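Enquirer: Can you read through this structure? Questions will come right after.
Residue numbers (this note's numbering), protein chains in the order written: chain A, 1 to 315; chain B, 316 to 582.
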């Protein structure tokens, strides 16, 4: 294999740090004798097209935009102060957090039975369930949101209203669409697999003998679940909740298509500020707040999972 | 399978699971039903039966060219993600540089970052540099979002490859490239295949990145569909959606055939 000599000029200092080795030998070891350099193209790509642009966008949130649309000095916290002082904006923040929490909790509760069936059910059933859980992941969120528009449609021709009216359960069509409930239902539909998959993977790692022992010793099924299965499935639950919470907090399509004015989320507000108002610093402020929420949840989850692994290793 | 489900709790579990399956399938089945409705407005229950919406949708050049555009974009994104991702995953598993765990975290980080904000950051980058080639911008942006999927699937399968096989091949005189092609590649091929299929799917379905970067001449299919949902109220929108559902189903079946769904999802 040929050495990519063009890459070699970047490390003259590092070679000097190892006096026993000639620079040539060092370069040979790094670039011909090992695959280390192969990380560089993707790393450089992400630095240029992901890390730097994201950091720059977040820096916009502490900058000022002049009348010509130029963004720069003076540095200011006024956008954050405005965000937290105006109830219109903080309402959107709370709506985002509330919808994400409710979606994650409902998804977790409903995912347990499905995940248990996935790992313990009979083979034919698990195959069908796997297919039904995974296949919708491949369908665009836009399509699925449209499906929920049709189901929740206000007026007598929405699927749910039609069914309820004909069953005589309601006499007037319900206003289901364009509400926070609609957003929770839609988000649940989109993100449910993200809860089931890590949960099933964690449940699959539990030694069935433990549950067997619990049952043999006379514990009822619910107690076996609460005392044995549930605690051991924690890593999957934490991973699933983190995923579902982060993804729903960053939603755009679902609130835009099936949420009303009262259920717009941070993503929708950021889009409005950028596209309609052309206020980049304020849009960047909203984006930064969203990013901080998502990163905080992920950091917390890593701590929980990491601490757990650590304790297990100590035993 | 380990341990069997029995008794009343099993019945309950199966019932809840069945309910969730109906919940998951309901919107998809409904869309497909309505795509055959011959009414002029979308309504439930669908009236009549016609395939004419399919004919008119395939004559709609806005939709068909978006379909083609999305397909080409997804293929390009997949190729670029593999070219960048497979070597990087290899370097993380087989390399010996310090900070490999940190690098792995960095390469996977676009997965946890809100995709909408990734798109916004790139819109800012491209406009500040005056990069107005929308096709290239979309290719770059989609690759940022999809490359972690390659890293994840290829890492998982590389970690299962026994390094002594490579050493044996090298000792017996195979070059690095020969070792990769004959010894490593066959073992990580399923990982590469599922990574590639994930890339294709994620790119083909993406709305929140494309929304910032697309223009009227370069519109991926989810953007066209999104616009149609707000402006067109006849069943043609359901028909377009059904076509996308059909294509997605085909991709899932390919994934199942090539790798197996459970394995691809690391279950």
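We put the CB at the ideal spot given by N, CA and C, even for glycine. Please read all numbers here as calculations on a predicted model, not as lab measurements.
#1: From the beta carbon of residue 439 of chain B, is the nearest beta carbon of chain A less than 8 Å away?
#2: Using alpha carbons as the reference points, say which of B/388, B/523 and B/488 lies closest to residue 142 of chain A.
#3: May I have the straight-line CA-CA distance separating residue 462 of chain B from residue 394 of chain B, to the nearest angstrom?
#4: Near residue 275 of chain A, which residues of its chain fall below 8 Å by C-beta distance, leaving aside the five closest residues on each side in sequence?
#5: If we call anything under 8 Å between Cβ atoms a contact, is residue 176 of chain A one with residue 544 of chain B?
#6: Can you look up residue 298 of chain A in the DSSP assignment and give me helix, strand or coil?
#7: Please go through the segment 519-576 of chain B and give each complete alpha helix (DSSP H) segment of 4 or more residues, from N-terminal end onward.
#8: Contact check, residue 255 of chain A vs residue 183 of chain A under 8 Å by CB: the rounded distance?
#9: Return yes when the Cβ of residue 237 of chain A is within less than 8 Å of the Cβ of residue 107 of chain A, no when it is not.
#10: What residue does the alpha helix (DSSP H) around residue 370 of chain B start on, and which one ends it?
#11: Please decide whether residue 317 of chain B counts as near chain A, where near means a Cβ-Cβ distance under 8 Å.
#12: Quick one: residues in its chain with C-beta nearer than 6 Å to the C-beta of residue 553 of chain B, no 5 flanking neighbours on either side, listed in chain order?
#13: Cβ of residue 509 of chain B within 8 Å of Cβ of residue 574 of chain B?
#14: Using a Cβ cut-off of 8 Å (strictly closer), state whether residue 80 of chain A contacts chain B.
#15: When the cut-off is 8 Å and only beta carbons count, does residue 436 of chain B lie next to chain A?
#16: Per DSSP, residue 65 of chain A forms a beta bridge with which residues?
#17: Nearest-angstrom Cα distance between residue 205 of chain A and residue 321 of chain B?
#18: Taking the CB atoms as reference points, tell me whether residue 42 of chain A and residue 422 of chain B lie closer together than 8 Å.
#19: Between which residues of its own chain and residue 190 of chain A is the CB-CB distance below 7 Å, once the five residues before and five after are set aside?
#20: Excluding the five sequence neighbours on either side, which residues of its own chain have a C-beta within less than 8 Å of the C-beta of residue 279 of chain A, listed in chain order?
#21: What does the alpha-carbon distance come out to for the pair residue 432 of chain B and residue 54 of chain A?
#22: What residues from chain B crowd round residue 36 of chain A, counting only those whose CB sits closer than 8 Å?
#23: Label residue 155 of chain A either buried or exposed according to how many other C-beta atoms from any shown protein chain fall within 10 Å of its C-beta, with 16 as the threshold for buried.
#24: Listed from N- to C-terminal order along the chain, which residues in the segment 553-574 of chain B have their beta-carbon within a distance smaller than 7 Å of any beta-carbon of chain A?
#25: For the segment 324-338 of chain B, which residues have a beta carbon sitting closer than 8 Å to at least one beta carbon of chain A?
#26: In chain A, which residues lie with their C-beta within 8 Å of the C-beta of residue 392 of chain B?
#27: Under a CB-based cut-off of 8 Å, is residue 353 of chain B close to chain A?
#28: Chain A beta carbons: is any one of them nearer than 8 Å to that of residue 482 of chain B?
#29: Identify every run of the alpha helix (DSSP H) within the segment 41-123 of chain A, keeping only runs that are complete inside it and at least 4 residues long; order them along the chain.
#30: Rounded to whole angstroms, how far is the Cβ of residue 136 of chain A from the Cβ of residue 569 of chain B, which I believe are closer than 8 Å?
#31: Note down, in chain order, each residue of its chain lying with its Cβ closer than 7 Å to the Cβ of residue 100 of chain A, except the 5 sequence neighbours on either side.
Expert: The short version:
#1: yes
#2: B/523
#3: 10 Å
#4: none
#5: no
#6: In this structure, residue 298 of chain A counts as helix in the three-state DSSP scheme.
#7: 525-528, 536-546 and 551-573
#8: 5 Å
#9: At a Cβ-Cβ threshold of 8 Å, residue 107 of chain A and residue 237 of chain A do not count as neighbours.
#10: 367-374
#11: Bear in mind that a pLDDT of 41 at residue 317 of chain B, under 50, signals an unreliable position, so the model cannot answer this.
#12: 346, 349 and 350
#13: yes
#14: no
#15: yes
#16: A/71
#17: 20 Å
#18: yes
#19: For residue 190 of chain A, where only same-chain residues beyond five positions count, the Cβ hits under 7 Å are 141, 144 and 254.
#20: 65 and 273
#21: 8 Å
#22: 406, 410, 411 and 412
#23: exposed
#24: If the cut-off is 7 Å between Cβ atoms, the segment 553-574 of chain B has 556, 559, 560, 563, 564, 566 and 567 near chain A.
#25: Correct list: 324, 327, 328, 329, 331, 332, 335, 336 and 338.
#26: Within chain A, no residue comes near residue 392 of chain B; the closest Cβ sits about 13 Å away, beyond 8 Å.
#27: no
#28: no
#29: 52-60, 78-85 and 87-120
#30: Residue 136 of chain A to residue 569 of chain B, Cβ: 16 Å. No contact.
#31: 245, 248 and 249
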